[in-house]
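Structure first, commentary second.
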Amino acid sequence: MPDRSAAGSSNPGENSGSDFIRDLVAADTASGRFGGRVQTRFPPEPNGYLHIGHAKAICLDFTVAAESGGRCFLRFDDTNPATESPEYVDAIIADVAWLGFEPQEIRFASDYFDQLYDWAELLISRGLAYVDDQDAEAISAGRGGFGQPGTDSPFRDRPVDENLRLFREMAVGQHPQGSRVLRARIDMQHENMQMRDPVMYRIRHQHHYRQGDRWCIYPTYDWAHGQGDAIEGVTHSLCTLEFRDNRALYDWYLEHLPLAELDYAGDRPHQTEFARLELTNTITSKRVLRRLVEDGHVDGWDDPRLPTLRALRRRGYPPAAIRDFCGFIGVARTNSRHAPELLESFVRTELNATAPRRMAVLRPLKLVITNWPTDDDGNPLVEYREAVNNPEDQSAGTRQVPFSGELWIEQDDFRLEAPPKYFRLVPGREVRLRAGYFVRCIDAVTDAGGRVTEVRCTYDPETSSGQAPDGRKVKATIHWVSAAHAVPIEAALYERLFDTELPGERTGDPLDDLHPNSREVCTGVAEPAVTDIAPGQVVQFERLGYFCADNAAAGNAEPGSSAPRLFHRTVGLRDEWANIQKRRQQQGAQR
RNA sequence: UCGGGGAUCGUUCAAUUGGUAGGACAUCGGGUUUUGGUCCCGGCAAUGGAGGUUCGAGUCCUCCUCCCCGAACCA
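Residues 26 to 616 (our numbering) are what the first sequence spells out, left to right.
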């Protein structure tokens, strides 16, 4: 095992090392701030599916709380009825659970609409908020620009009574959608743009999936978030870097509200920002993900090429691997982008230890053993060979694999002529069949086009143990499937969805960088024991990689079906031969 | 243009707060091996730049450069 001590354990809630956030929490606990309490929250908006970027935030929010014996709520930031729906709520709850975390409570910002409304009236009555009749364009223009101060709205000094009356009318639908907003009265000259009289409420004559038609006004993120934190008793409100400038507003609202009335009347919550997780060759923008799905570039939100949690699950990524990855990359304030290879290495580490092994051939080539014994009727005998299920885990036991005179082997494992460092089967050479015998190639049958259609070998009965009694060695062990017992499978092989590190950098549109052939489906065969692999389970096809049995495909889900079983390649094995070939190709290109 | 944040091996995270710049991924070489897997050993390789303080600077000070975020009735 590589030393990944910073990664901690895959158990949810265990310490993942130290970082500026954990240092802050430790210092607060030591000083008695918040009465020693620690509480965080994961606050998604239910307008899309969770992706790998969210996983970092989820792991951070939940583990920081758990490490201190604190709590972490799942809170839906559902303040914008235009884009939100209960399907996303259910999906997010399921994805958080799949990742391995259990919120103490599930809350909704929309549950706080009454409190928020009362507080808004309070701010109005104190002259700290006003109704603005300007349209969005005028408000934007009045805000000024970078380096230019804003100008006061003509409605900024509206009398309190009038503000109150108008605001109440807005709430019950007496004003058209978009005609007015409620704004905090802060400072139009403030150097921080967020403080130039931000909008608190906008008029939306829109149905809310939880509140129905009760409201005609909806709070903005800034007006809802910190107050939700305060109501729930959040101590450490962790969010991403782009909210750094919003912190002044977060603090302003809380400082001007009577929080002493709340259950958690100690210190008010504080926001801390950290860098979001980005991956190269990957897009997490909700807008672009939606285009990929809706324009049919992928098969749906759980297409294994996507970075959504549902897709990673379908592809076979173990949640423990994602957690370990998130713990390992740590948390800092530096923008950075990790290579997907790092995540994959955690996936391999986890799967190497846990995935049962089977043999499958993805691009079959017939191998005939010319000296294999037959019965009295001339039919080849069948021998059952014992194969280990997982060399990393003795308790996984062994299985019986049928072996006979006609086998399928991988096309890649035979060449008429061996290039340098090619150790596999060539005419005249001997290799070992995994869990089988040594075989020596004596002949190859080719078709009119010169393509090899059949490899003919002799086997050495003395090598049943996998070793030759005379001590001779082979340089390769290859996998195989008995032709008479082969179970049909389909294997979907995936490449990166985008073949550039920063999709969209070239032309501005990420879709211009879509990998033209990010999925290749092979029609192959597997040993009979693949039928033990349950839908959703990950298996290692020896020498090929880790593959996840699809949940829905007919061959997997319907016991009697004759349809091929469908497997998604989770990730390939490290492949030294591929590296050698790649290097050779690059050297060739340089010359 | 203004405000905020940031800069350490190819990538990424760390450096006991001023004391030998370390790990992982990737890569290269070797060993073990019935998976060219796993595992083990080893190599390569970094403090954005210029000054300053100090016995000593990735860390403190000054200036510069570059990158990210901010002018939604999105979050």
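Even glycine gets a Cβ: it sits at the ideal position worked out from N, Cα and C.
Residue i versus the options, residue with shortest Cα-Cα distance
i: His540; options: Asn306, Leu387 and Val313; result: Asn306
i: Thr333; options: Val464, Gly570 and Tyr113; result: Tyr113
i: Gly549; options: Phe523, Glu526 and Leu518; result: Leu518
i: Ser110; options: Arg235, Asp120 and Arg205; result: Arg235
i: Arg208; options: His230, Arg168, Thr245 and Val156; result: Val156
i: Thr471; options: Phe439, Gln612 and Phe448; result: Phe439
i: Ala554; options: Thr265, Phe592, Pro427 and Arg335; result: Pro427
i: Gly430; options: Phe448, Ile394 and Asp402; result: Ile394
i: Ala511; options: Leu390, Asp534 and Met213; result: Leu390
i: Asp538; options: Pro584, Arg521, Phe353 and Ala551; result: Arg521
i: Glu515; options: Ser507, Leu331, Ser587 and His250; result: Ser587
i: Ser543; options: Gly533, Asp557, Phe523 and Ala551; result: Phe523
i: Leu191; options: Tyr226, Ser361 and Thr399; result: Tyr226
i: Val372; options: Met213, Phe572, Leu392 and Asn396; result: Phe572
i: His623; options: Pro416, Glu303, Arg151 and Ala579; result: There is no way to answer for residue 623, as the model of the chain reaches only from 26 to 616.
i: Leu314; options: Asn360, Tyr74, Phe59 and Cys547; result: Tyr74
i: Ile117; options: Ala290, Arg335, Ser135 and Glu583; result: Arg335
i: Ala617; options: Asp575, Gly152, Phe171 and Arg132; result: Look at the range of the chain in this structure, 26 to 616, and you will see that residue 617 is not part of it.
i: Arg183; options: Met195, Ser150, Asp212 and Lys446; result: Ser150
i: Lys498; options: Arg454, Glu545 and Ala357; result: Arg454
i: Asp143; options: His232, Glu286, Asp600 and Gln610; result: Glu286
i: Arg410; options: Ala579, Leu458 and Leu450; result: Leu458
Residue i in three-state terms, based on DSSP
i: Ser507; result: strand
i: Phe448; result: coil
i: Ala579; result: helix
i: Gln214; result: coil
i: Met225; result: strand
i: Tyr289; result: coil
i: Arg497; result: coil
i: Thr297; result: strand
i: Leu392; result: strand
i: Ser41; result: For Ser41, the predicted structure reports a pLDDT of 44, less than 50, and the residue's modelled location is therefore unreliable. A value from the coordinates is still provided. Looking at Ser41 - three-state DSSP - the assignment turns out to be coil, as it is neither helix nor strand.
i: Trp397; result: coil
i: Gly597; result: strand
i: Cys277; result: The sequence given here has Trp at residue 277, not Cys. Of the three classes helix, strand and coil, the one that applies to Trp277 here is helix, per DSSP.
i: Asp324; result: coil
i: His363; result: strand
i: Asp468; result: strand
i: Ala282; result: According to the sequence shown, residue 282 is Leu rather than Ala. Coil at Leu282, not helix or strand.
i: Gln202; result: coil
i: Arg96; result: strand
i: Arg609; result: helix
i: Ile77; result: helix
i: Ala357; result: coil
i: Gln492; result: coil
i: Glu411; result: strand
i: Pro427; result: strand
i: Ile434; result: strand
i: Arg457; result: strand
i: Val197; result: coil
i: Arg62; result: coil
i: Glu319; result: helix
i: Asp28; result: Summary for Asp28: the model assigns pLDDT 30, below 50, so the residue's position carries little reliability; its value from the coordinates is reported in the next sentence. Correct three-state label for Asp28: coil.
i: Ser35; result: Confidence at Ser35 is low in this model, with a pLDDT of 38, below 50, so its placement is unreliable and the value that follows should be read with caution. It is coil, neither helix nor strand.
Contact belief for residue i with residue j at Cβ below 8 angstroms, rounded distance in angstroms
i: Arg594; j: Gly561; result: Incorrect: roughly 15 angstroms between the Cβ atoms, too far for contact.
i: Glu375; j: Ala345; result: 5 angstroms
i: Gln159; j: Ser178; result: 6 angstroms
i: Pro106; j: Arg229; result: 6 angstroms
i: Arg221; j: Gly175; result: 5 angstroms
i: His76; j: Thr309; result: 5 angstroms
i: Val323; j: Pro294; result: About 39 angstroms separates the two Cβ atoms, so there is no contact after all.
i: Tyr342; j: Gln252; result: That belief does not hold up - the Cβ atoms of Tyr342 and Gln252 are roughly 36 angstroms apart, past 8 angstroms.
i: Pro444; j: Ala469; result: About 16 angstroms separates the two Cβ atoms, so there is no contact after all.
Which runs of the beta strand (DSSP E) spanning at least 3 residues fall entirely within the stretch 112–176, listed in chain order?
131–133 and 154–157
Enumerate, from N- to C-terminal direction, the unbroken beta strand (DSSP E) stretches of 3 or more residues contained entirely within the stretch 227–271.
242–244 and 261–265
With three or more C-beta pairs closer than 8 angstroms as the rule, is the stretch 455–466 touching the stretch 479–493?
yes
Unbroken stretches of the beta strand (DSSP E), 3 residues or longer, contained in the stretch 506–574:
512–519, 544–551, 563–566 and 570–574
Counting pairs of beta carbons, one from the stretch 165–185 and one from the stretch 117–135, are three or more of them closer than 8 angstroms?
no
With three or more C-beta pairs closer than 8 angstroms as the rule, is the stretch 79–95 touching the stretch 275–289?
no
If we count Cβ pairs, one from each stretch, closer than 8 angstroms, do we get three or more for the stretch 397–408 versus the stretch 492–502?
no
Taking contact to mean 3 or more Cβ pairs, one atom from each stretch, closer than 8 angstroms, check whether the stretch 345–364 and the stretch 308–327 are in contact.
no
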